[in-house]
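Comments concern the structure below.
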Amino acid sequence: MYAIIGTWKMSCEGVREAHAGLARGGAAEDAVEQAIRAVEDEPGFTSVGYGGLPDHDGHVMVDAAFMNGNTLRFGAVMSAENIRNPIRAARALCGRETNCLLAGRGAEQFAIAQGLPMRDLRTPASMMQWREALRQENRKPDAYREHDTVCVLALDGRGSLIAGTSTSGLFLKASGRVGDSPIVGSGFYCDARYGAAAATGLGEDIMRGCLSYDIVSRMRMGVSAQKACEQAVKALSARKIELGEDAGSISVIALSPTGETGAATTLPVFPFAAGNDRGFGLFAAYPAQDGMDIRASSMQALEGEP
Ligand code: ASP
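Residues 0 to 305, numbered by numbering that gives the first Met the number 0, are exactly what the sequence shown covers, in order.
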């Protein structure tokens with residue numbers, strides 16, 4: 000049995016190729032790295048890697064993480080600049096007993112020492128968008144809505160369960176701001192005995208619920224990947240609503256050690272790519288909403304049949 004799931008439409012091509020690799024007997028570790036690198040290298044995806052939208056000061060600062068559910072080890076980089084494939088740096092850090100989470104200059108120096116390719120992640124298009132946003136003072140609050148993380152979870156035929164994330168975070172974020180994506184338990188979590196989970200959306204909210212750990216904890220109690228996603232998203236948004244806030248913009252994915260996938264969202268629609276030994280497809284999760292009460296997600300195949 001093998002399976003893979005990735006967030007957003009932008010992960011579709013990378014996940015499709017990684018899925019083919021898994022079908023040929025490839026390792027989950029390679030599948031996660033390959034799927035995420037494909038998104039990092041594509042300048043058209045403006046919330047991850049090359050072409051990512053800059054922070055307030057005009058720097059593209061990236062966060063990424065890689066976790067091995069069989070060893071519970073993880074590696075992550077945050078607030079790092081000029082690393083062409085942050086997921087490669089995160090993977091290289093995974094396995095270390097100490098110094099596995101590196102920020103800023105330390106992360107960049109590590110990537111250079113590893114011989115990883117460095118690159119200016121800014122593009123003429125991303126810098127034009129940044130200059131334009133700064134010019135339009137009244138656009139600032141909206142600008143924070145421009146963000147997304149590529150999260151990929153994979154299981155291979157040998158039972159390896161791996162989670163990875165990569166993002167450039169919020170457009171116009173404050174210098175030094177870090178979201179959930181490189182934070183274990185919040186943006187990702189993976190324990191090969193119970194399952195893997197990852198989150199995308201406003202990191203400040205996701206961290207308040209330690210959302211990925213919450214999903215895997217529910218799976219540990221015997222809840223399915225799908226139900227665990229729904230319950231965890233519902234619990235966090237319900238609490239936010241109780242506190243007088245809105246439900247937030249939160250989307251999650253999960254993968255069980257037997258290859259079952261799950262996804263849930265507070266957004267009107269959350270596309271994700273998923274595949275297993277029966278096929279591959281692009282899907283969407285939708286919240287079943289009754290006012291702001293998120294009760295369940297429904298899933299629909301957009302393309303293909305996994
Ligand atoms: N979670 C990411 C962050 O807060 C952004 C996103 O996934 O939309 O940096």
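In this text, a Cβ means the ideal position worked out from N, Cα and C, and glycines have one as well.
Paired residues, beta bridge with residue i - DSSP
| i | result |
| --- | --- |
| Cys-189 | Ala-195 |
| Ser-250 | Thr-199, Thr-264 |
| Ala-272 | Gly-5, Leu-281 |
| Val-151 | Gly-5, Gly-163 |
| Met-117 | Ile-82 |
| Pro-123 | Beta-bridge pairing links Pro-123 to no other residue. |
Burial state of residue i, where buried means 16 or more other Cβ atoms lie within 10 Å
| i | result |
| --- | --- |
| Val-268 | exposed |
| Leu-71 | exposed |
| Gln-113 | exposed |
| Asp-147 | buried |
| Glu-244 | exposed |
| Gly-43 | exposed |
The alpha helix (DSSP H) enclosing residue i, as first and last residue numbers
| i | result |
| --- | --- |
| Ser-216 | 210-219 |
| Ala-102 | Element bounds for Ala-102: not the alpha helix (DSSP H) but the beta strand (DSSP E), 100-102. |
| Ile-182 | Ile-182 -> no alpha helix (DSSP H), and no H or E assigned at all. |
| Ser-174 | Here Ser-174 belongs to no alpha helix (DSSP H), and DSSP marks it neither H nor E. |
| Gln-346 | This structure cannot speak to residue 346, because the chain is shown only from 0 to 305. |
Residue i versus residue j: straight-line alpha-carbon distance, rounded
| i | j | result |
| --- | --- | --- |
| Arg-294 | Gly-261 | In this predicted model, Arg-294 has a pLDDT of only 36, less than 50, meaning its place in the structure is not dependable enough to derive any value. |
| Ile-82 | Phe-65 | 15 Å |
| Ser-216 | Arg-87 | 28 Å |
| Ala-224 | Glu-16 | 24 Å |
| Pro-315 | Ala-197 | Only positions 0 to 305 of the chain appear in the structure, and residue 315 is not among them; the question remains open. |
| Met-218 | Phe-271 | 20 Å |
| Arg-238 | Glu-203 | 14 Å |
| Ala-283 | Asp-276 | 20 Å |
Beta strand (DSSP E) segment containing residue i, residue limits
| i | result |
| --- | --- |
| Ser-165 | 160-166 |
| Met-77 | 72-80 |
| Phe-65 | 60-67 |
The ligand HEM heavy atom lying under 7 Å from the CB of residue i
| i | result |
| --- | --- |
| Ile-205 | What this structure holds is the ligand ASP, not the ligand HEM. |
Residue i and residue j closer than 8 Å at C-beta
| i | j | result |
| --- | --- | --- |
| Glu-80 | Val-59 | yes |
| Asn-84 | Arg-121 | no |
| Asp-56 | Thr-166 | no |
| Ile-249 | Leu-152 | no |
| Ile-214 | Gly-68 | no |
| Glu-28 | Ser-159 | yes |
| Gly-247 | Ala-2 | no |
| Ala-91 | Gly-74 | yes |
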